[in-house]
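Q: The sequence shown runs 1 to 281 under the working numbering. Each residue gets a CB set at the ideal place from its N, CA and C atoms; glycine is no exception.
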Amino acid sequence: MEAVSRTAQWTAAARALETEREDRLFADPYARTVADQIGFELLERYAGGGTVPFLAIRTTYLDRQIVRTVEERGIKQVVFLAAGMDTRFFRLPWPDGVTVYELDRPALLEAKAEMLAEEPAPAGRTRITVPVDLTQDWTGPLKEAGWKSEEPVLWVVEGLLFFLPEQAVRTLISLLAAHAAPGSVLLGDVISKAALENPLARSFMNALAEDGNPWLFGTEEPEALLDACGWAVREVKQPGEPGADFDRWPYPVPARSVPRVPRSFLFTCDLPSSSTQEAAA
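#1: Leaving aside the five residues before and after Glu41 along the sequence, list all residues of the same chain whose C-beta is less than 7 angstroms from its C-beta, in chain order.
#2: According to DSSP, simplified to helix, strand and coil, what is Val97?
#3: Relative to the C-alpha of Glu166, which candidate in Leu216, Leu134, Ala56 and Ile57 has its C-alpha closest?
#4: Hey, would you say Phe54 sits closer than 8 angstroms to Ser264, going by beta carbons?
#5: Please state the DSSP three-state secondary structure of Glu235.
#6: Scan the region 151 to 207 and note each continuous beta strand (DSSP E) run of 3 residues or more that stays entirely inside, going in chain order.
#7: Going by CA-CA distance only, name the one from Ala16, Pro95 and Gly39 that's closest to Arg68.
#8: Alpha carbon to alpha carbon, what distance is there between Arg127 and Ala113?
#9: Could you tell me how far apart the beta carbons of Ser184 and Leu271 are, in whole angstroms, since I believe they sit closer than 8 angstroms?
#10: Looking at C-beta atoms only, is the number of pairs between the region 129 to 142 and the region 92 to 107 that lie closer than 8 angstroms three or more?
#11: Our contact map puts Glu235 next to Thr268 with C-beta atoms below 8 angstroms; I'd like the distance itself, whole angstroms only.
#12: Exposed or buried, which one is Asp86 when buried takes at least 16 other CB atoms within 10 Å?
#13: Apply the 10 Å Cβ neighbour rule to Ser189 and answer buried if 16 or more other Cβ atoms are within range, or exposed otherwise.
#14: Grab the span of the beta strand (DSSP E) containing Pro120 for me, first residue to last.
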């Protein structure tokens, strides 16, 4: 697989470790399989900085938001952009009739298919993989795969935005709003610019860059970013805050007003109604 795709196995290794805890926050019985040996090697290489507890928190937060959103909104289309080694199609309790679309590079999707070839697809749901390069047009292949832009969609953008330059981030988030119907939801995560510049994380950042996976983007104002790209922010949480702690975050959480603090943000957004957008204009 391409170097950038191997980070998916790194995060899968972290999910495997959480799954094997007695007090686990979630169970991902497929994580160790898709992580393979390289995932645990990278987990050791990128150790430090609270990466393992953060990944456990991010997975738990998004798991719960995905389940809640699909149940409460009745959404039948869920799209994982840069799906990586995500296994939520297999392990989450999806309602009948949901279609899960997984978008990622062809080589990664092929490798993942081989790893999970023996796993039976759960009944009542459909999984469609869409091999694309997210820097190119991907809406066309997604539509060809059956996705309907006129129906509500749950977009999940996990572990992707910090790998992109700023303009690509803004273009992507805006595109998600432009191709969403009323009732659609966006879930994901982003980091602060200070996290990119944190001296204590220099070895971690250098290792990512050396492996061909540099982190490029961060923002101190995720709410402003998401709003400017067409989304109404429902909540933004830092690990360790109520609703994004789960007894895993080992560090204090400085107030947002404190400058130059490395931060991670987890967000949930709704597509504004047309009347709301017109009033804002």
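A: Based on what the coordinates show:
#1: Counted from its first residue, the sequence shown places residue 41 at position 41. Closer than 7 angstroms at the Cβ level, and outside the excluded window around Glu41, lies no residue.
#2: Here residue 97 refers to the residue found at position 97 when the sequence shown is read from its first residue. One detail in the question is off: residue 97 reads as Gly in this sequence, not Val. Looking at Gly97 - three-state DSSP - the assignment turns out to be coil, as it is neither helix nor strand.
#3: For the purposes of this step, residue 166 is taken as the residue at position 166 of the sequence shown. Closest by alpha carbon: Leu216.
#4: Counted from its first residue, the sequence shown places residue 54 at position 54. Counted from its first residue, the sequence shown places residue 264 at position 264. A contact, by the Cβ cut-off of 8 angstroms.
#5: If you number the sequence shown from 1, residue 235 lands on position 235. Looking at Glu235 - three-state DSSP - the assignment turns out to be strand.
#6: If we require 3 residues or more, the beta strand (DSSP E) runs fully inside the region 151 to 207 come out as 154 to 157 and 185 to 191.
#7: The residue given as residue 68 occupies position 68 in the sequence shown. For Arg68, the nearest C-alpha among the options comes from Pro95.
#8: Against the sequence shown, residue 113 aligns to sequence position 113. Against the sequence shown, residue 127 aligns to sequence position 127. Their backbone Cα atoms lie some 12 angstroms apart in a straight line.
#9: Translated into the one-based positions of the sequence shown, residue 184 becomes position 184. Translated into the one-based positions of the sequence shown, residue 271 becomes position 271. Contact holds; Cβ gap of about 4 angstroms.
#10: They touch, by the three-pair rule.
#11: For the purposes of this step, residue 235 is identified with residue 235 of the sequence shown, where counting begins at 1. For the purposes of this step, residue 268 is identified with residue 268 of the sequence shown, where counting begins at 1. So it is a contact: roughly 5 angstroms between Cβ atoms.
#12: Taking the sequence shown and counting its residues from 1, the one referred to as residue 86 is at position 86. It is buried - the Cβ of Asp86 has at least 16 other Cβ atoms within 10 Å.
#13: Here residue 189 refers to the residue found at position 189 of the sequence shown. In the sequence as displayed, the identity of residue 189 is Asp instead of Ser. Buried is the call here.
#14: Your numbering for residue 120 matches position 120 in the sequence shown. It is not in any beta strand (DSSP E) - Pro120 carries neither H nor E in the DSSP assignment.
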